[in-house]
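Participant: My questions all concern the structure below.
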């Protein structure tokens, strides 16, 4: 274990005491990178009906839920593969360099999505875009964890994670403006992806303002290859000059393997829940509005999506404070219990459009905000600097290698069940996993970051 002070705030000081411009630059770079990822991920959701309308035949539009699930699922698959690959590379070439590569290439392929000529090309570009943007998150999380003091780190990680929520809000607002003005008519959706290409210029800021992680550099210099503090003195290859493959190393020792697999189960729970359930919310709000006979039902879908994201942003900003107050394990239990209950409230018990909007905000707090924020806080505390990005990448992204099919499955289930609520609650049963797994994991609140 390192010598950094524990994560509790020193007596009489604010949580941000001791932070200087270097720390805030790291947070800014990691935060903005995740803003762009959030924009990119959510942009596809909100323009998908218009993409399908311009690219599919009338016969294909009869199964639009399946086609939408395919495009979203392939993005998720690319994200999983690219994120895992990028996390491994970040432990070899450094956090800063991988962040620059990731931002540049996902911005490039996002821009190229605007030029897609047919649905097959669109799906290919979505896969490549997902591959490129996958590694940005784990590099940002590792860089922040290794540069911020322990007492402030969970709060900084929560703020970093909030970037995704702000990105989704920006995507929704950009689309709101474009949809009202319709500068390209039926092809106006393409401009959403043109805007998504702008982050390429952000690479210049990263190169100038952000330094490399000293913790990572020291771990490489001293050849500390063990994945956890327990493995450091238990027959690891440290100091031998021969570095084990990082993805192998996180599974080699029993304690590291246990932590990795348990955290992966929680990540899978989060990923299946969000991509397969929350993606149904805008369409469900539109259907509910149509049944209520209100004017402009599409506006209700957008309102539900915005409130859902707003709830997530509140959770992101609060997550570091909540995780420190509750402890990591109880925070995880709280998250998944809230996700299960609020999903039922959203899809089964909300009896009016106003109630549905309130439910959307609360549901976003748990199923998107809390359910993802722990991944920015907790995995960094479980693994050492030489494998930290690899472990975070595996936990965060490997779930996508399984969960990418669930948007497709959700679209198929809606057709089979004839009901969005029944589909949502069937998939929400995975949150039960999150009520059990946390109690088998180590409590890291108040402990130093492993070196």
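In the working numbering, the protein residues as written are 2 to 452.
Beta carbons: idealized from backbone N, C-alpha and C, even for Gly.
In terms of residue numbering, what span does the alpha helix (DSSP H) encompassing residue 40 cover?
Facilitator: Segment 22-56, the alpha helix (DSSP H) holding residue 40.
Participant: What are the start and end residues of the alpha helix (DSSP H) that includes residue 300?
Facilitator: Taken as a continuous stretch (DSSP letters only), the alpha helix (DSSP H) holding residue 300 covers 298-327.
Participant: Rounding to the nearest angstrom, what Cα-Cα distance links residue 227 and residue 413 in this structure?
Facilitator: Approximately 44 Å between the Cα atoms of the pair.
Participant: Assuming residue 293 and residue 354 make a contact with CB atoms under 8 Å, what is their CB distance in whole Å?
Facilitator: Indeed they touch by this definition, with Cβ atoms about 6 Å apart.
Participant: Please report the residue range of the alpha helix (DSSP H) in which residue 1 lies.
Facilitator: In this structure the chain extends from 2 to 452, so residue 1 is not present and cannot be described.
Participant: Give the straight-line distance between the Cα atoms of residue 444 and residue 290, rounded to the nearest whole angstrom.
Facilitator: For residue 444 and residue 290, the distance between alpha carbons rounds to 45 Å.
Participant: Spatial neighbours of residue 402 within its chain, please: C-beta separation below 6 Å, excluding the five flanking residues on both sides.
Facilitator: Closer than 6 Å at Cβ, skipping near neighbours: 81.
Participant: Rank 191, 394, 427 and 153 by C-alpha distance to the C-alpha of residue 456 and give the top, closest one.
Facilitator: A question about residue 456 goes unanswered here, because the residues of the chain that appear run from 2 up to 452.
Participant: Scan the segment 115-188 and note each continuous beta strand (DSSP E) run of 3 residues or more that stays entirely inside, going in chain order.
Facilitator: Here no run is fully enclosed.
Participant: Which of the three DSSP states is assigned to residue 419 in this structure?
Facilitator: The answer is coil: DSSP assigns residue 419 none of H, G, I, E or B.
Participant: So which of 204, 17, 156 and 309 has the shortest CA-CA distance to residue 170?
Facilitator: Of 204, 17, 156 and 309, the residue nearest in Cα terms is 309.
Participant: For residue 250, count neighbouring C-beta atoms within 10 Å of its own C-beta (all shown protein chains included) and say buried if the count is 16 or more, exposed if not.
Facilitator: By the 10 Å Cβ count, residue 250 comes out buried.
Participant: Any chance you could list the alpha helix (DSSP H) runs of at least 4 consecutive residues sitting entirely within the segment 253-290, in chain order?
Facilitator: Counting whole runs of 4 or more residues, the segment 253-290 contains the alpha helix (DSSP H) stretches 255-278.
Participant: Taking the beta carbon of residue 60 as the centre, do at least 16 other beta carbons fall within 10 Å, making it buried, or is it exposed?
Facilitator: Residue 60 should be labelled exposed.
Participant: In whole angstroms, what is the alpha-carbon distance linking residue 102 and residue 197?
Facilitator: Straight-line Cα distance between these residues: approximately 16 Å.
Participant: Please state if the CB of residue 88 and the CB of residue 393 are separated by a distance shorter than 8 Å.
Facilitator: Against a cut-off of 8 Å, the Cβ pair of residue 88 and residue 393 comes out as a contact.
Participant: Does the separation of the CB atoms of residue 391 and residue 92 fall below 8 Å?
Facilitator: The answer is yes: Cβ separation under 8 Å.
Participant: Output the boundary residues of the alpha helix (DSSP H) element that contains residue 350.
Facilitator: Segment: none, residue 350 is in no alpha helix (DSSP H) and carries neither H nor E.
Participant: Determine the direct distance from the alpha carbon of residue 448 to that of residue 75, and round the result to whole angstroms.
Facilitator: Residue 75 and residue 448: Cα-Cα distance of roughly 39 Å.
Participant: Would you mind working out which of 218, 343 and 254 sits nearest residue 275, comparing C-alpha positions?
Facilitator: Nearest of 218, 343 and 254 to residue 275, Cα basis: 343.
Participant: Quick check on this structure: which residue in 137, 422 and 86 has the alpha carbon closest to the alpha carbon of residue 284?
Facilitator: Residue 422 is the option with its Cα nearest to residue 284.
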